[in-house]
Amino acid sequence: QVQLVESGGGLVQAGGSLRLSCAASVSISSLNVMGWYRQAPGKQRELVAEITSGGRLNYADSVKGRFTISRDIVKNAVYLQMNSLKSEDTAVYYCSAGYGSGLFRSWGQGTQVTVSS
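Per the working numbering: the sequence shown = residues 882 to 998.
So, in structure tokens, the structure goes:
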């Protein structure tokens with residue numbers, strides 16, 4: 882099973898920036914897709930951004946132009962740069978990895994992002 886460890890969450894004022902990091906226990910080149918999801922209180926978990934093994938990017942409409950997902954294959958890490966943060970971005974952010982041709986998915990423990998208005 883793939884182990885994922887997130888870091889970088891915290892409290893930031895609206896308009897500010899944060900960078901989340903996710904370290905994987907395996908070579909991320911072996912994974913089909915890596916992504917970031919978030920879950921706000923009382924809401925379902927939703928996709929924020931993802932990057933496939935081929936480098937294709939996908940973003941939720943609500944974060945396009947503000948968030949950027951990237952990866953470092955040497956460090957086996959994925960990042961989420963979040964700019965122009967809004968109060969509605971407040972949530973627990975989870976790193977996720979899909980592998981085994983999509984049959985399996987691993988999750989990190991989550992990191993809290995709180996944006997104060």
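Where a beta carbon is used, it is the ideal one built from N, C-alpha and C, also for glycine.
N-terminal and C-terminal residue of the beta strand (DSSP E) that residue i is part of
i	result
residue 939	938 to 940
residue 971	Taken as a continuous stretch (DSSP letters only), residue 971 belongs to no beta strand (DSSP E), as it is neither H nor E.
residue 895	Unbroken run through residue 895: none, as it is neither H nor E.
residue 916	914 to 920
residue 888	885 to 888
Cutoff 7 Å; reference residue i; Cβ partners in own chain excluding five residues on either side
i	result
residue 940	930 and 948
residue 889	899, 900, 901, 902 and 992
residue 944	929 and 930
residue 989	885, 886, 887, 903, 975 and 976
Presumed contact (8 Å Cβ cut-off) between residue i and residue j, rounded CB distance
i	j	result
residue 928	residue 905	That belief does not hold up - the Cβ atoms of residue 928 and residue 905 are roughly 18 Å apart, past 8 Å.
residue 994	residue 974	5 Å
residue 1035	residue 883	The structure shown does not extend to residue 1035, since the chain is modelled only from 882 to 998, so the question has no answer here.
Inter-residue Cα distance where the pair is residue i and residue j
i	j	result
residue 986	residue 895	32 Å
residue 991	residue 925	14 Å
residue 909	residue 969	30 Å
residue 977	residue 911	14 Å
residue 920	residue 981	25 Å
residue 956	residue 907	10 Å
Local conformation of residue i per DSSP, three classes
i	result
residue 997	strand
residue 909	helix
residue 955	coil
residue 944	helix
residue 901	strand
Cut-off 6 Å between Cβ atoms - residues of its own chain near residue i, not counting five sequence neighbours on either side
i	result
residue 951	960
residue 897	966
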